[in-house]
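Notes to accompany the following structure.
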Amino acid sequence: MKILQNTLKINTANRASTILYRFLLNSNITSWILPANICYIVPLVFLKAEKNIHFIDISSDTLLIDELELFNLLSYDKVKGVLLNHTYGIEYDFNFLVSSIKSKYPKSSIIEDKCLCIPEFLEHLNPDIDLVLYSTGYAKSCDLGFGGYGYTNMKIEKNIFGYNPKLESSFLENIKMEILGGKQFDHQCNIKSDWLDNSDLPIDINEYFDKIKRVLPDFIDWKNSINIIYGDNIPINIQFPTVYQNWRFNILTDKKTEILNKLFSNNHFASSHYADLSFYFQGIRAVNTDFIFKKIINLFNDKYISLNQVREIVEIIKLSFK
29 MKILQNTLKI NTANRASTIL YRFLLNSNIT SWILPANICY IVPLVFLKAE
79 KNIHFIDISS DTLLIDELEL FNLLSYDKVK GVLLNHTYGI EYDFNFLVSS
129 IKSKYPKSSI IEDKCLCIPE FLEHLNPDID LVLYSTGYAK SCDLGFGGYG
179 YTNMKIEKNI FGYNPKLESS FLENIKMEIL GGKQFDHQCN IKSDWLDNSD
229 LPIDINEYFD KIKRVLPDFI DWKNSINIIY GDNIPINIQF PTVYQNWRFN
279 ILTDKKTEIL NKLFSNNHFA SSHYADLSFY FQGIRAVNTD FIFKKIINLF
329 NDKYISLNQV REIVEIIKLS FK
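Counting in the numbering used here, the sequence shown runs from 29 upward without gaps.
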């Protein structure tokens, strides 16, 4: 693989979504393909940057973007950009796919979203990838409560734009509730309002990276200790393969609603990501994404949960299958 030396640039901000937005403002690509199982904030950023978005389903085998559907859509000249995400933080090598895209569509642009992955520090960037994005915000694999960074081979201008924290909270919560309620995107909503955080890192970049390197081993050890309890006690037939358990511990069950209700009624928490955004934004069902969403439970394995809580959660899940 051809590697470009000494062109790697590091872009940081208080939120990874800010880096994405700045990148899009500096890109001349107007139409982008997104996987249907992406976090809803991502397409909102694309729309705020006045980009056209097209959702496609994930593969039932890999839970990653469906490559056949991807190339079918890329065959239309109007679509030039692709965002590839790492579902549930899976470590996956996209280099072959990226090379295939670039060889057929050399003017395309590719973003690799690794926000759910364990942070890495790159020395070189595949020249066929335009942005690799990491996050250390709330609920990420390395949760500092702030921060994101991205690697590019191009300079990203730090565009100035307005930001209202109160508006951010209400705007995103409203979108979230619409998605969970099965509604479709309201194209009259004020997507251009000041809901996106525009702030830079609250600390020096060197201090930021040192902090990540210092705390990351403890985060990984803690996740592993919790995952062992989940893995040893939850029925094996509902567990995701180990490679999908980096971000949270994921199970797939027809008893999703029953289990979530029992957890919530016992003051425990779990999540259910990610909804089919193809339906929300385009009114078309992404079959595999929708299937996973209707059955998945993401069990917490972060710093906000204790081992006693994990054991109680395990018992509630086990009782659901007796």
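Glycine included, each C-beta is placed from N, C-alpha and C at the ideal position.
The model shown is predicted, which means the values in this text are computed figures rather than measured ones.
N-terminal and C-terminal residue of the beta strand (DSSP E) that residue i is part of
i       : result
Ser-137 : 137-141
Lys-37  : 37-41
Gly-109 : 109-113
Trp-275 : No beta strand (DSSP E) contains Trp-275, which DSSP labels as neither H nor E.
Asn-261 : Unbroken run through Asn-261 is the alpha helix (DSSP H), 233-261; no beta strand (DSSP E).
Pro-63  : 59-63
Phe-83  : 80-84
Separation of residue j from residue i, as counted between CA atoms
i       : j       : result
Ser-45  : Ile-256 : 32 Å
Lys-284 : Val-126 : 35 Å
Ala-298 : Asn-226 : 30 Å
Leu-161 : Asn-295 : 34 Å
Lys-290 : Pro-147 : 33 Å
Ser-198 : Val-110 : 29 Å
Tyr-258 : Asp-246 : 19 Å
Leu-195 : Ile-69  : 14 Å
Lys-76  : Tyr-49  : 8 Å
Tyr-236 : Pro-230 : 9 Å
Asn-261 : Ser-55  : 48 Å
Leu-36  : Leu-153 : 7 Å
Asp-89  : Ile-341 : 28 Å
Asn-252 : Asp-105 : 45 Å
Outcome for residue i when other beta-carbon atoms lying within 10 angstroms are tallied against a minimum of 16
i       : result
Leu-347 : exposed
His-114 : buried
Gln-273 : buried
Phe-268 : buried
Asn-22  : With the chain covering only 29 through 350, there is no way to say anything about residue 22.
Thr-270 : exposed
Asn-65  : buried
CB-CB length for residue i against residue j, believed under 8 Å
i       : j       : result
Ile-84  : Ile-61  : 6 Å
Thr-180 : Asp-158 : 6 Å
Asn-192 : Asp-228 : Asn-192 to Asp-228, Cβ: 17 Å. No contact.
Leu-92  : Tyr-120 : 6 Å
Thr-164 : Gly-178 : Actually they are not in contact, since the Cβ atoms of Thr-164 and Gly-178 sit about 12 Å apart, beyond 8 Å.
Tyr-166 : Arg-276 : About 13 Å; that fails the 8 Å criterion.
Ser-293 : Ile-324 : Actually they are not in contact, since the Cβ atoms of Ser-293 and Ile-324 sit about 20 Å apart, beyond 8 Å.
Host alpha helix (DSSP H) of residue i (start-end)
i       : result
Asn-289 : 284-293
Leu-327 : Leu-327 -> not in any alpha helix (DSSP H); beta strand (DSSP E) instead, spanning 324-327.
Phe-47  : Before going on, a small fix: residue 47 reads as Ile here, not Phe. Per DSSP, Ile-47 belongs to the alpha helix (DSSP H) from 44-53.
Ile-344 : 335-347
Ser-306 : 305-310
*asked:* Suppose only complete runs of 4+ residues qualify. What are the alpha helix (DSSP H) ranges in the segment 116-193, listed by chain order?
replied: 123-132
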